[in-house]
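In the working numbering, the protein residues as written are 22 to 350. For each residue, glycine too, the CB sits at the ideal point set by N, CA and C. Since the model is a prediction, treat every value here as computed from it, not as a measurement.
Structure follows, in structure tokens:
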């Protein structure tokens, strides 16, 4: 048995991966980890158990593993970090992520691992893995599990570090009046539309929300889903302040919705597409200055999207081009 500090761990795991029948019981997998682990090629014969339940695993990495031939299962209670083959095992604290493998130039965690090649230890760990692989709580990864993982991963990525916005509701009109720069450089957009979804599209959304709820554990907070109807090209990973403009110019505020970092599109029974989003953590009220906001929104859709029933634009452009600052007092 030899001790591995963070800088030596990646090379040791590559040694494990050089065996075409390597196995991995590693809870969390991050972006760009496959190359660093020696798993960027054909992975037929390799087996992986991961944890998709806590938002710590990037579903794109898991999909890439599956598409390259690996057998992948997930277990909601997995927290181990075991990389093994018939000749050697690496185990310790390192997840399959940039920080866990010491690949983050900005500094990651201080990790500690060991590499084992003793015959009895290898046999014991292999038996442990086989038991876990066949455990009733360990399930095959399917599309439903990946969709749920996408929700959790996106939420965690969005909320890393200190909150960037207060959670107490702020008035849209007051922010525009007092501190419009609060919105800038934060991937915030304004969406304006004249048509809503249909009963069929609303029904499809309810079905997806129910599917997500069934996949969630008892302690999971299921976030509310929404959709933009037949609206490709939405900005990714953005907060979208959403306004509906009625036929007589009446304004409805539909809240702030967060798009996913990778588009999630489902099809309703009428063949139309729903571009899914989730309720944003950004708290914004539109109760003050509504007549002014209605005029700004009306001017924006008339000038920016004259031939269309909907459009989206960065908040900076909306403020610069369509907010009449004489309305602000």
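Original post:
Using 8 Å as the threshold, is the stretch 298-309 in touch with the stretch 335-345, meaning 3 or more CB pairs across them?
Top reply: no
Subject >> DSSP state of residue 111 mapped onto helix, strand, coil >> reply: strand
Original post:
Can you tell me the Cα-Cα spacing of residue 338 and residue 137, whole angstroms?
Top reply: Distance between the alpha carbons of residue 338 and residue 137: 58 Å.
Subject >> Any 3 or more C-beta pairs closer than 8 Å across the stretch 63-75 and the stretch 86-93 >> reply: yes
Original post:
In this structure, does DSSP put residue 210 in helix, strand or coil?
Top reply: strand
Original post:
DSSP three-state call for residue 87: helix, strand or coil?
Top reply: In the three-state scheme derived from DSSP, where H, G and I count as helix and E and B as strand, residue 87 is classed as helix.
**OP:** Could you check the C-alpha separation between residue 206 and residue 258 for me, to the nearest Å?
**Re:** 13 Å
Subject >> Selection from 132, 38 and 314 that minimises the alpha carbon distance to residue 63 >> reply: Checked all of 132, 38 and 314; the closest Cα to residue 63 is 38.
Subject >> Assigned exposure category for residue 245 - 16 Cβ within 10 Å defines buried >> reply: exposed
**OP:** Please determine, among 297, 171 and 312, the residue with the shortest C-alpha to C-alpha distance to residue 218.
**Re:** 297
Subject >> Sequence-distant residues of the same chain with beta carbon closer than 7 Å to residue 240, five excluded per side >> reply: Its pLDDT being 47, under 50, residue 240 is placed unreliably in this model, and the value from its coordinates should be taken loosely. Excluding sequence neighbours, residue 240 sits near nothing in its chain.
Subject >> Span of the alpha helix (DSSP H), counted from its first residue to its last, around residue 154 >> reply: 140-154
Original post:
How long is the line joining the alpha carbons of residue 164 and residue 316, rounded to whole angstroms?
Top reply: 44 Å
**OP:** For residue 260, write down the residues that DSSP places opposite it in a beta bridge.
**Re:** Answer is 209 and 279.
Original post:
Quick one, which of 209, 171, 269 and 336 has its alpha-carbon nearest residue 302's?
Top reply: 209
**OP:** Determine the burial state of residue 98: buried for a count of at least 16 other Cβ atoms within 10 Å of its Cβ, exposed for fewer.
**Re:** exposed
Subject >> Proximity to residue 227 [Cα-Cα], best of 348, 295, 57 and 114 >> reply: When only C-alpha atoms are compared, the closest one is 295.
Subject >> Touching by the beta-carbon criterion (3+ pairs, under 8 Å), the stretch 100-113 and the stretch 39-48 >> reply: yes
**OP:** Report back the beta-carbon spacing between residue 172 and residue 82 to the nearest angstrom; my notes put them in contact at under 8 Å.
**Re:** Wrong, their Cβ atoms sit about 16 Å apart, outside the cutoff.
Subject >> Test item: CB-CB of residue 266 and residue 198 under 7 Å >> reply: Cβ distance not < 7 Å, so residue 266 and residue 198 don't count as in contact.
Subject >> Neighbourhood of residue 351 by C-beta, 6 Å cutoff - its chain only, sequence neighbours within 5 removed >> reply: The shown model of the chain, from 22 to 350, leaves out residue 351, and the question about it has no answer.
**OP:** Spell out the partners DSSP gives residue 305 in its beta bridges.
**Re:** 191
Original post:
Anyone know if the C-beta pair for residue 65 and residue 90 falls short of 7 Å?
Top reply: yes
Subject >> Inter-residue spacing [alpha-carbon to alpha-carbon] between residue 132 and residue 319 >> reply: 55 Å
Original post:
Heavy atom of the ligand FAD less than 6 Å from the Cβ of residue 167, yes or no?
Top reply: Summarising the ligand content, the structure contains no ligands, and the ligand FAD is consequently not present.
Subject >> Distance between beta carbons of residue 79 and residue 174, contact taken as under 8 Å >> reply: Rounded, the Cβ-Cβ distance is 6 Å, consistent with contact.
Subject >> Alpha-carbon spacing of residue 261 relative to residue 49, whole angstroms >> reply: 30 Å
Original post:
Span of the beta strand (DSSP E) holding residue 136?
Top reply: 133-137
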